[in-house]
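Letter by letter, the sequence shown follows residues 771 to 1043 in my numbering. Ideal Cβ placement from N, Cα and C applies to all residues, glycine included. The structure appears below as structure tokens.
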Amino acid sequence: MSDSKGYESPGIAGSGAIATGLAAVSTTTAETILLARSEASAWRAEEKVVAACTKIEGAEPSRLRVTTDPKDLAGCDVVVEAIVEELDAKAELIKTLAEACPDADLATTTSSLGIDEIAEKAAVPRLYGLHVFNPVPRMALVEVCVPGGAEGARDRAMAWCAALGKTAVEVPDQAGFVVNRLLFPYLFDAVRMVERTGMEPGEVDACMKLGAGHPMGPLALLDFVGLDVAEAIGDALFADSGDGAHKPPGLIVEMIGERKLGRKTGTGFYSYD
């Protein structure tokens, strides 16, 4: 393992926006393997990474290899799980990765679950948190959470973030870490503002963009995140904190029932072509 780059043979497990974004950034420093669940998702993931590489200085799509076989990651020095925000699914995949890659550091991009909770469920104590933000190529922050079982990976994780051009901040092992624990009460309160006052989403967002200098309004941001993802994060935060500010508002639950999930379904608080 390289001290300067942190890792020389990274693997990413997943095929969504976080996984493909991280894989594209990773090609700036090293040959990178991406593990997809099926041949169809592998094909789509490769397309996404290649497209992302065109927008990242130093990214090289020829350094990407896509596979559907976990055994192909056996030579990796780090493997980052980046799939759906569900405890059982993450734990199952991490257990599989640990068996396929016994010498690799293991990380998860979870945005709301506790690292020790995932590690205990997977029976893999050497897990650490590497929470990158979407869109990965543009967002500078990485929240790094290193519980005791993964302490040996701390320096490598921090060095890798630096090599990828990211700013790593070490955070405590609490649901939502720092950003989401502080952000989601604000996002959910914007929804409650709509529920309570009847204001239009565009009016609420305009207030926060023009009055608070935010680059994106809270309701547009929820559409970008995905309302189903926001609900999952809120549920995890509420289960951990018991704070009503973390509980997803009724309007979000109602919209999810109508499949109004935001950008990915073409409609949420706004409509998208």
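*Using alpha carbons as the reference points, say which of Pro971, Ser832, Ala874 and Leu957 lies closest to Val850.*
Position 80 of the sequence shown holds residue 850. With distances taken between Cα atoms, Val850 lies closest to Ala874.
*When the distance is taken between beta carbons, is Arg951 closer than 8 Å to Gly919?*
Counting from 1 along the sequence shown, the entry for residue 919 is found at position 149. Counting from 1 along the sequence shown, the entry for residue 951 is found at position 181. No, these two residues do not count as a Cβ contact at 8 Å.
*asked:* Please return the same chain residues whose Cβ sits closer than 7 Å to the Cβ of Val836, not counting the five positions on each side in sequence.
replied: In the sequence shown, counting from the first residue as 1, residue 836 sits at position 66. Contacts found: Leu804, Ala806, Ala812, Ala815 and Glu816.
*What does a CB cutoff of less than 7 Å around Ile826 pick up in its chain, not counting 5 residues either side in sequence?*
Here residue 826 refers to the residue found at position 56 of the sequence shown. So the qualifying residues of the chain are Ala794, Val795, Thr798 and Pro907.
*Quick one: what's got a C-beta closer than 7 Å to Ala859's C-beta in the same chain, skipping five residues either side?*
The residue you call residue 859 lines up with position 89 of the sequence shown. Counting only Cβ-Cβ distances below 7 Å, and skipping sequence neighbours, we find Ile853.
*Can you pull the DSSP bridge partners for Glu913?*
In the sequence shown, counting from the first residue as 1, residue 913 sits at position 143. Looking at the DSSP assignment, Glu913 forms a beta bridge with His901 and Val939.
*Can you tell me whether Leu980 is buried or exposed, with buried defined as 16 or more other CB within 10 angstroms of its CB?*
Position 210 of the sequence shown, counted from the first residue, corresponds to residue 980. Under this definition Leu980 is an exposed residue.
*Assuming Pro917 and Asp886 form a contact by the criterion Cβ under 8 Å, report the distance between their Cβ atoms to the nearest whole angstrom.*
By one-based count along the sequence shown, residue 917 stands at place 147. By one-based count along the sequence shown, residue 886 stands at place 116. Contact flag correct, Cβ pair sits at about 5 Å.
*asked:* For a test of the three-state rule: what should DSSP assign to Ser808, helix, strand or coil?
replied: Translated into the one-based positions of the sequence shown, residue 808 becomes position 38. Coil.
*Is Gly884 near Gln944, with beta carbons less than 8 Å apart?*
Reading the sequence shown from its first residue, position 114 is the one you call residue 884. Reading the sequence shown from its first residue, position 174 is the one you call residue 944. Taking 8 Å as the Cβ cut-off, Gly884 and Gln944 qualify as a contacting pair.
*Between Met969 and the rest of its own chain, which residues show a CB-CB distance below 8 Å, the 5 nearest in sequence each way excluded?*
To locate residue 969, count along the sequence shown from 1; it is residue 199. The answer, listed in chain order, is Met963.
*Chain-order list of residues whose beta-carbon lies under 6 Å from that of Ser785 (same chain, five-residue window excluded)*: To locate residue 785, count along the sequence shown from 1; it is residue 15. If we look at Ser785 and ignore the five residues flanking it on each side, its Cβ neighbours are Ala806, Ser811 and Ala815.
*Using a threshold of 8 Å, state whether the C-beta atoms of Ala892 and Lys865 are closer than that.*
In the sequence shown, residue 892 corresponds to position 122, counting from 1. In the sequence shown, residue 865 corresponds to position 95, counting from 1. Yes, they are a contact pair.
*What did DSSP end up calling Arg835 once you bin it into helix, strand or coil?*
Taking the first residue of the sequence shown as 1, we reach residue 835 at position 65. Reduced to three states, the DSSP call for Arg835 is strand.
*To the nearest angstrom, report how far apart Glu940 and Ala982 are at their CA atoms.*
Here residue 940 corresponds to residue number 170 of the sequence shown, with the count starting at 1. Here residue 982 corresponds to residue number 212 of the sequence shown, with the count starting at 1. Distance between the alpha carbons of Glu940 and Ala982 is about 27 Å.
_Helix, strand or coil for Met771? Go by DSSP, reduced to three states._
Counting from 1 along the sequence shown, the entry for residue 771 is found at position 1. Here the model assigns Met771 a pLDDT of 46, short of 50, so the residue's position is not dependable, and the following value carries that caveat. Of the three classes helix, strand and coil, the one that applies to Met771 here is coil, per DSSP.
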